[in-house]
């Protein structure tokens, strides 16, 4: 099973609520959508506290039992960051839901691998498939950028997209972006 075929639950989705829950012991609540097999599933979440531990509790609209996920906070040089702790003990920033299950687990528990690691990049066909998958991923990044400009220049995300496009050999995209920026700055 591939990671790309599963729903990824990341700590970024709950970033503000996790910070509130960890700092103030506030019981933040919310809901989010899960896309599984082109079907949308609604899930509610809240936080629970047991013996100095904070848990993210997720309840699906399908009526299954709620799943409790232990949150781990790690100190970084510039602050703290929250991570999920899988039932196997692995600490990760993403947990995955397979299409045939509603249990959130790490990549190791679900035995998931990335698509780019599923073929031999040493063969001619493998190289072509790898380049095509990289280009598709880069174009999906571009699609997710709503506003490429910020204060008369490209925003950081768009500059990163251009850097990746240049490395992938999409020189026409990079050249067109440079021409557009010259035109905008000339106005």
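Residue numbers (the working numbering): 167 to 353. Just so it is clear, CB atoms sit at the ideal spot from N, CA and C, and this is done for glycine as well.
State buried or exposed for residue i, treating a residue as buried only when at least 16 other CB atoms are found within 10 Å of its CB.
i           : result
residue 270 : buried
residue 276 : buried
residue 312 : exposed
Let me see if you follow: with CB-CB separation under 8 Å, is residue i close to chain B or not?
i           : result
residue 256 : Judged by its chain identifiers, the structure shown contains no chain B, having just a single protein chain.
Roughly how many angstroms lie between the CA atoms of residue i and residue j, to the nearest whole one?
i           : j           : result
residue 231 : residue 319 : 49 Å
residue 246 : residue 283 : 32 Å
residue 168 : residue 261 : 13 Å
residue 426 : residue 338 : Nothing can be reported for residue 426: it is not among the residues displayed for the chain, which extend from 167 to 353.
residue 244 : residue 289 : 43 Å
Please report the residue range of the alpha helix (DSSP H) in which residue i lies.
i           : result
residue 299 : 290-310
residue 330 : 322-333
residue 275 : 273-276
Which residues does DSSP list as the beta-bridge partners of residue i?
i           : result
residue 260 : 176
Could you give the residue range of the beta strand (DSSP E) that holds residue i?
i           : result
residue 349 : Counting along the chain, residue 349 falls outside any beta strand (DSSP E), though it belongs to the alpha helix (DSSP H) covering 337-352.
residue 241 : 233-242
Does DSSP put residue i in a helix, a strand or coil?
i           : result
residue 253 : coil
residue 201 : strand
residue 214 : strand
residue 270 : strand
Examine the ligand MN and report whether any of its heavy atoms sits within less than 7 Å of the Cβ of residue i.
i           : result
residue 274 : In terms of ligand content, the structure shown is empty, and the ligand MN therefore cannot be addressed.
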